[in-house]
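Asks: In this note's numbering, the protein residues as written are 509 to 983. Virtual Cβ for every residue (Gly too), placed ideally from N, Cα, C. Treat the numbers as computed from the prediction; the structure is a model and nothing was measured.
Here you go:
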């Protein structure tokens, strides 16, 4: 039988980066009401967290904290103390069989083949600037936007194949997405980075928890509990009852059975996938909503892990593979983020393969997936496959919301329909399709916490959120 607890005034569904960030914003702005976070997993952090493999702690991706977001950096230093490591940025981009460092170095471009590529990209960029005079009044697409900003060659050899591997058919992608994800590789920026490094878009350092990215989320969750908030793990909402366009009652299932949360001043913050949220609503007409949320496309992720009996296995911490010659779009080396996350004398390299949700590759056996990735690793002369000692696979069903125009229209419609529920706030990657890194998600959520605490007006929150969606994502 469900029991009714002393009602919290704010219930946050999901304790990932966005949910924890909202709780953090409430605590930092002195909110005195009861706050409840409901998390399905056994630990906080969601997809931005870590997992254990053998004696290693491995992140779900190459997460890090940008020094550009001051309040997130300050909070990380405050919560982690000496465990907040300062690391040097190291990226590599594989192109036409050669590995280039990013941010770029002049020395990488002095070979004849590299100079040819540089001249070809530069000429393509200049041609695009001249061509823009004739077709500047045509409708923007992902292709025309990339070509205008970077040139036809960049689109065909970098942006289009990368989009297909990570997101979807480039012909379907929202052109506004270009500004966020490709800002750092604009030809003018690359040239300025070569000659005049620019700190705000080219941070030479980042921050990382000594014990893995999970340590950040554990520290935030512990802080919230010390501030009087409650975090329920292995729990999830099973029903949200709506009366007169307000959520009046939430049923939560957990290890100790069901509990009911209700109250006259209830506010619900949902970071759940919007389709899941719609399925929980009772007393609210969801017929039209269900049609729209079914059209939202989701990408899943297959992580293939390799253990090496080497202290370091890759030339750079994270490598990007935009071309179609590899099944993975990214490799990262966990021990190069923090040596303490991987056993001494070993290294762990993770290959990131993204596929549509429900793709048959998700059903392949672990052995088949390892063999698929290993075959492409064999093409890389700097990877010592003879030193691999073990391998494993981890599948993630919900990794990204596809940034295509159809999905964004469906989310826009669903979001605005759900605004009829006066005490419901949607936020986060899967709730409203935001494509932020975890540190940007925390930053946005702290602002939401300020609004819910009454420290800033709603209009200021909405304007800040809009401005943040236009900013470049660094890292």
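From residue 901 to residue 865, what distance separates their C-alpha atoms?
Replies: One-based indexing of the chain shown puts residue 901 at position 393. One-based indexing of the chain shown puts residue 865 at position 357. Using only the alpha carbons, I get a separation of about 17 Å.
Asks: Does the segment 785-805 come close enough to the segment 820-834 that 3 or more CB-CB pairs lie under 8 Å?
Replies: no
Asks: Do residue 936 and residue 775 count as a contact pair if the criterion is CB distance below 8 Å?
Replies: Your numbering for residue 775 matches position 267 in the chain shown. Your numbering for residue 936 matches position 428 in the chain shown. Not in contact: residue 775 and residue 936 (Cβ atoms no closer than 8 Å).
Asks: Could you tell me the distance, in whole angstroms, from the CA atom of residue 785 to the CA atom of residue 933?
Replies: Looking up residue 785 in the chain shown gives position 277. Looking up residue 933 in the chain shown gives position 425. One alpha carbon belongs to residue 785, the other to residue 933, and they sit about 12 Å apart.
Asks: Rounded to whole angstroms, how far is the Cβ of residue 520 from the Cβ of residue 533, which I believe are closer than 8 Å?
Replies: Stepping through the chain shown from its first residue, residue 520 is reached at position 12. Stepping through the chain shown from its first residue, residue 533 is reached at position 25. That belief does not hold up - the Cβ atoms of residue 520 and residue 533 are roughly 11 Å apart, past 8 Å.
Asks: How many whole angstroms separate the CB atoms of residue 716 and residue 854, which I take to be in contact at a CB cut-off of 8 Å?
Replies: Translated into positions along the chain shown, residue 716 becomes position 208. Translated into positions along the chain shown, residue 854 becomes position 346. Going by Cβ atoms, the distance from residue 716 to residue 854 rounds to 19 Å, so no, they are not a contact pair.
Asks: Residue 602 bridges to which residues according to DSSP?
Replies: Here residue 602 is taken as the residue at index 94 of the chain shown, counted from 1. The partner list for residue 602 (beta bridge, DSSP) reads 607.
Asks: Assuming residue 750 and residue 518 make a contact with CB atoms under 8 Å, what is their CB distance in whole Å?
Replies: To locate residue 750, count along the chain shown from 1; it is residue 242. To locate residue 518, count along the chain shown from 1; it is residue 10. In fact, because the Cβ distance is near 17 Å, the residues do not count as touching under 8 Å.
Asks: Sorted by chain position, which residues of the same chain lie with C-beta nearer than 6 Å to residue 740's C-beta, five sequence neighbours on each side aside?
Replies: Locating residue 740 in the chain shown gives position 232, counting from the first residue. Residues of the same chain with a CB within less than 6 Å of the CB of residue 740, apart from the 5 flanking positions on each side, are 546, 762 in chain order.
Asks: Taking three-plus beta-carbon pairs below 8 Å as touching, is the segment 809-828 in contact with the segment 968-978?
Replies: no
Asks: Quick check on the burial criterion: 16 or more other C-beta atoms within 10 angstroms. Buried or exposed for residue 873?
Replies: Within the chain shown, the letter at position 365 stands for residue 873. Flag for residue 873 reads exposed.
Asks: Once the 5 residues before and after residue 915 are set aside, which same chain residues still bring their CB inside 8 Å of it?
Replies: Counted from its first residue, the chain shown places residue 915 at position 407. The answer, listed in chain order, is 803, 804, 805, 909, 941.
Asks: To the nearest whole angstrom, what separates the beta carbons of residue 662 and residue 575, a pair I think is in contact under 8 Å?
Replies: Within the chain shown, the letter at position 154 stands for residue 662. Within the chain shown, the letter at position 67 stands for residue 575. Incorrect: roughly 28 Å between the Cβ atoms, too far for contact.
Asks: For residue 985, which of helix, strand or coil comes out of DSSP?
Replies: Missing from the structure shown is residue 985; the chain here goes from 509 to 983 and no further.
Asks: Should residue 857 and residue 821 be called a contact, given that it needs their Cβ atoms to be closer than 8 Å?
Replies: The residue given as residue 857 occupies position 349 in the chain shown. The residue given as residue 821 occupies position 313 in the chain shown. Yes. Within cutoff.
Asks: Please tell me whether residue 655 and residue 636 are closer than 8 Å, where the distance is taken between their beta carbons.
Replies: Numbered from its first residue, the chain shown carries residue 655 at position 147. Numbered from its first residue, the chain shown carries residue 636 at position 128. Yes, the Cβ-Cβ distance between residue 655 and residue 636 is below 8 Å.
Asks: Going by DSSP, name the residue or residues bridged to residue 727.
Replies: Position 219 of the chain shown, counted from the start, is the residue given in the question as residue 727. Paired residues: none, contrary to the question.
Asks: How long is the line joining the alpha carbons of residue 618 and residue 675, rounded to whole angstroms?
Replies: Position 110 of the chain shown, counted from the start, is the residue given in the question as residue 618. Position 167 of the chain shown, counted from the start, is the residue given in the question as residue 675. The alpha-carbon atoms of residue 618 and residue 675 are separated by roughly 33 Å.
Asks: Buried or exposed, going by whether 16 or more other CB atoms sit within 10 Å of the CB of residue 781?
Replies: Taking the chain shown and counting its residues from 1, the one referred to as residue 781 is at position 273. So residue 781 ends up on the buried side.
Asks: Measuring only the C-alpha atoms, how far is residue 666 from residue 828?
Replies: The residue given as residue 666 occupies position 158 in the chain shown. The residue given as residue 828 occupies position 320 in the chain shown. Using only the alpha carbons, I get a separation of about 11 Å.
Asks: Residues in its own chain within less than 8 Å of residue 651 by CB, not counting five upstream and five downstream?
Replies: Within the chain shown, residue 651 is the residue found at index 143, counting from 1. Within the same chain, residue 651 has close Cβ partners 663, 668, 678, 679.
Asks: Would you mind working out which of 728, 747, 923 sits nearest residue 738, comparing C-alpha positions?
Replies: The sequence position of residue 738 within the chain shown is 230, counting from 1. Measuring from the Cα of residue 738, the nearest candidate turns out to be 728.
Asks: Label residue 868 either buried or exposed according to how many other C-beta atoms from any shown protein chain fall within 10 Å of its C-beta, with 16 as the threshold for buried.
Replies: Against the chain shown, residue 868 aligns to sequence position 360. Exposed: under 16 other Cβ atoms inside 10 Å.
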